[in-house]
Structures are given as C-alpha cells and as structure tokens.
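Residue numbers (our numbering): 5 to 282. We put the beta carbon where it would ideally sit given N, CA and C, even for glycine. Quantities reported herein were computed from a predicted structural model and do not represent experimental measurements. Report on the following structure.
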C-alpha cells in the first residue's frame, strides 16, 4: 500500500530534505541548533502527515496542527513565512526526486501527483499559522504599549520601561513630548473613527515626519508619546487631526522617555483646564 510505503520512507526523505536545505539555504545554516532541530521536526511532521494524507486527505486545519502544531510560536519570529515556503518547496523537490527510487516508478508517479495537492494545503496551513501568530503578536504588542504609556503617565518610566519601548520599535533618545486629547467615539461627530483607527493613523503620520510614537486609549482619553521631535508645531499638526472632537494639548519637550512624566503632567493639567479656555 502506498501510504504504508511512504511511512517507511519518512526518515530517509526527511534526512535528504534537511541535507538539501543545509546545502542550498544560507539562512538555514545560520539558525541556532535549537531552531534547526525545530525546523527538522516540521519537515519530518510534514512528510509523515503526507503519508497519512495519502491514505485519508485531511482538511487544512488538521494539516496545520499536524505539521506545525509542535513548533513553538517563537519560531515564527526566527523563520519568516517566505522562508517557510522555501522549506516546503525544498522538501517537495526532494520528495519528487527520491520517490521513484524509494517506491518504484508506478507508486512514485502516484506520490508525486498527490504531493502537488498536499503541498497546496501545507502552503495554506503555513499562511494560517503565521496569520494567527501575527494576530497574537499584535495583541501582545498593544498590551505592552499600553503598559509603557501608563508608566509614563504615572511617572514610573524607568530603564525597564525604556527597554519595553525599544521592543516596540522606539528608537529616540531625546526630544520627547506627550500629547493628550479625547479618543474618537466612532460616531458621526468623529467621522466614524474609533480609537484603533486613530492609533493606526497617528503611527503612520508620525513615521512620515520621522518621529517615534507610542499610543494608548485610556477610557475616553487618547495618549500619544512622541520621540525625536525636532519641530513641536509640525509634530502637533501631524497627530492632532486624528484625535476625537475637543481640545488636543501637547506637553513640553523633555530630554528622554524616563523624563516624559514631566511632559505628561503638563499635558494632563492643560487638558483639564481646556474647558475654561476662551
């Protein structure tokens, strides 16, 4: 039976695929021993699942679990989706080249045809795994960003907070200012924009003028920490339009992120006083 013969060939095919990767893929050679072992496990799982799939084709979700389920989520930070596709292609090439020798020409031809269909499912499964990892990573980054912004407002922005900000892409070492205003409500008054919309827009606008930005919504208030500011008016104009209806205030420039609580206190006081402005 073809499936049974494939199962007996999992070891040789896996070894051949990893040898090809070692030879042809420079980035694979640069992986740590631990990451290479995880990649090896994925390759072996993929070929073993192919043998099972030939016997009983499984849905894509089952393929994703069987092939990628044991690998740590952190591996998606080390091996990109493009590189995973390279792994799949290399494994397919090896299987197609070796099945005639291992299975004979008749079963080899059947296995090659089945591999074409199976490889499509594996490619979609890989995309699903990376999309899920990106979603989880995005949720975690949002929580971390909210914690950093909260620490700034509380005056607790120490070196540990600076390190967390760096993990979010913060590169500025000077010229920091805190901007406060109302968060968009999602109503017609705010053109239907929500806090999430505003945060995305603020990040884009900040990047366009070469400024770092950390953003968080706190109740009905939107807080933005800007770094690397060279022109206060330009920075204020770039982000102010994305806030909700009402006043937007910008605290004074301070030396760095740990000192940003000074700018935050001034901005908080100004926002509280804003309703009394003429």
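It is roughly 48 Å from the alpha-carbon of residue 38 to the alpha-carbon of residue 245. With the rule of 3 Cβ pairs closer than 8 Å, the stretch 84-98 counts as touching the stretch 31-51.
Counting the other CB atoms within 10 Å of its CB gives residue 80 a total of 16 or more, which places it among the buried residues. Rounded to the nearest whole angstrom, the CA to CA distance from residue 119 to residue 32 is 23 Å. Counting along the chain, residue 227 sits inside no alpha helix (DSSP H); it lies in the beta strand (DSSP E) bounded by residues 225-231.
With a beta-carbon spacing of about 59 Å, residue 60 and residue 180 fall beyond the 8 Å limit used to define contacts. 225 is the residue among 84, 208, 225 and 88 whose C-alpha sits nearest the C-alpha of residue 150. Under the 8 Å Cβ criterion, the stretch 208-217 counts as touching the stretch 229-247, having at least three qualifying pairs. Taking the C-beta atoms as reference points, residue 129 is found nearer than 8 Å to residue 71. By the neighbour-count definition (other C-beta atoms within 10 Å, threshold 16), residue 248 is a buried residue. Burial state of residue 167 is exposed, judged by a 10 Å Cβ sphere holding fewer than 16 other Cβ atoms. In the DSSP assignment, residue 221 falls within the beta strand (DSSP E) that extends over 216-222. The continuous beta strand (DSSP E) containing residue 181 extends over residues 181-186. Pairing residue 275 with residue 253 gives a Cβ-Cβ distance under 8 Å. For residue 253, the enclosing beta strand (DSSP E) begins and ends at 252-254. In this structure, the CA atom of residue 271 is about 28 Å from the CA atom of residue 142. Between residue 108 and residue 25, the alpha-carbon positions lie close to 25 Å from each other. Judged by DSSP in its simplified three-state form, residue 47 adopts helix.
Membership of residue 94 in the alpha helix (DSSP H) is indicated by the continuous run 85-107. Pairing residue 173 with residue 44, the inter-Cα distance amounts to about 31 Å.
It is roughly 29 Å from the alpha-carbon of residue 55 to the alpha-carbon of residue 36.
Per DSSP, residue 206 is one residue of the alpha helix (DSSP H) stretching across 199-212. If you check the CB distance, residue 202 and residue 220 do not come in under 8 Å. Counting C-beta atoms within 10 angstroms of its own C-beta, residue 84 has fewer than 16 neighbours from the protein chains shown and is therefore classed as exposed. With respect to the 8 Å criterion, residue 99 and residue 17 are classified as neighbours on the basis of their beta carbons.
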